[in-house]
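Shown next, in structure tokens, is the structure this report addresses.
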Amino acid sequence: MILSCKQILFIVILSETFSCATSRPCDLGASDLLFVIQSSFDIDKYDFDDVKLLIQAYLEDLNFGDQETSTRVGVILFDRVREPEYRIRLGEIKHIRKLQKAIKSISRLPCGYWWCQIKAEQNVAQAVDVAVKVFANESSPERMKKLVVILNGKQYLPTIREITALSYRDPLLRVAQVLVVPG
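If you use mature numbering (1 follows the signal peptide of the UniProt record, and there is no 0), the sequence shown corresponds to residues -23 to -1, 1 to 160, in order.
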């Protein structure tokens, strides 16, 4: 089954809504949003382009700017070989068009060679750990923290439970996950 950008976006929104439907209160005000994106050459170019379109569309509905109630957005990229890369710092870009342009310019991290298969030391848990540290260091207690983890394929299904458990430890953290199935 091929998911269109709109279908993937629905999954993200559904996950966000589900997180808010729990007993914890929802904060619709100021928030910090981090996208953790698997961006290796394992992901097909067209699927990766769809992921970028998804993020650009998702950003359309957010409140940006310098106000205290605005949303700050950051991006962390990871693959299986290098350390996770904090590509767009939280709140670094304050205008939606500039942020969408920065998202569009993101490219896949080269990891299509045989040595990537052998030296697969990095994983999504490490990238999420970087995101949690960014929230701890750069977010304030009155801001909602939102984490959108975008993964390629089904190899990360066991890790999903670990990532979801983060939201139970922090009442101001919402976690949404997107699995991009190749095709």
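Think of the CB as a built atom: it goes at the ideal place given N, C-alpha and C, for glycine as much as any other residue.
Worksheet item: According to DSSP, which residues form a beta bridge with residue 170?
Response: Examination of residue 170 is not possible in this model, given that the chain is present from -23 through 160 alone.
Worksheet item: Mind checking P61: buried by the 16 CB within 10 Å criterion, or exposed?
Response: buried
Discussion item. What would DSSP say about I70, mapped onto helix, strand or coil?
Written reply: Residue state, collapsed to three classes: coil.
Item to complete: Look at the alpha carbon of K81 and the alpha carbon of K29, and state the distance between them as a whole number of angstroms.
Response: 6 Å
Practice prompt. With I32 as the anchor, note down where its alpha helix (DSSP H) starts and where it stops.
Written response: K22 to L36
Worksheet item: Which first and last residues belong to the beta strand (DSSP E) in which V101 is found?
Response: Element bounds for V101: not the beta strand (DSSP E) but the alpha helix (DSSP H), V101 to E115.
Practice prompt. Would you mind stating whether R49 and L67 have Cβ atoms separated by less than 8 Å?
Written response: Between R49 and L67, the C-beta spacing is below 8 Å.
Practice prompt. Counting only the same chain and skipping the five closest in sequence on each side, list residues whose C-beta sits under 6 Å from that of L39.
Written response: T48
Worksheet entry | Alpha carbon of R151 to alpha carbon of P87, nearest angstrom | 30 Å
Item to complete: Pull up the distance between the alpha-carbon of R64 and that of F41, whole angstroms please.
Response: Roughly 19 Å separates the two Cα atoms.
Item to complete: Determine, using beta carbons only, whether V126 and Q154 come nearer to each other than 8 Å.
Response: yes
Worksheet item: Where does the unbroken beta strand (DSSP E) through Q44 begin, and where does it stop?
Response: Counting along the chain, Q44 falls outside any beta strand (DSSP E), and DSSP gives it neither H nor E.
Worksheet entry | Contacting residues, own chain, Cβ-Cβ under 8 Å from P159 (five flanking each side not counted) | I20, D21, D24, N129 and G130
Fill in: Status (buried if at least 16 other CB within 10 Å, exposed otherwise) for G6
exposed
Practice prompt. Would you kindly work out how many angstroms separate the C-alpha atoms of A(-3) and I70, rounded to a whole number?
Written response: Residue placement at A(-3) cannot be trusted, given a pLDDT of 44 that sits under 50; what the coordinates show is reported in the next sentence. Answer to the nearest angstrom: the Cα atoms are 30 Å apart.
Discussion item. Assuming K122 and D9 are in contact, meaning their beta carbons sit under 8 Å apart, how far apart are those beta carbons, in whole angstroms?
Written reply: 5 Å
Item to complete: Flag this pair as yes or no: are the beta carbons of L11 and L124 separated by less than 8 Å?
Response: yes
Worksheet item: Can you give the Cα-Cα distance for E119 and V107, rounded to whole angstroms?
Response: 21 Å
Item to complete: Along the beta strand (DSSP E) that carries A153, what are the first and last residues, could you check?
Response: L150 to V157
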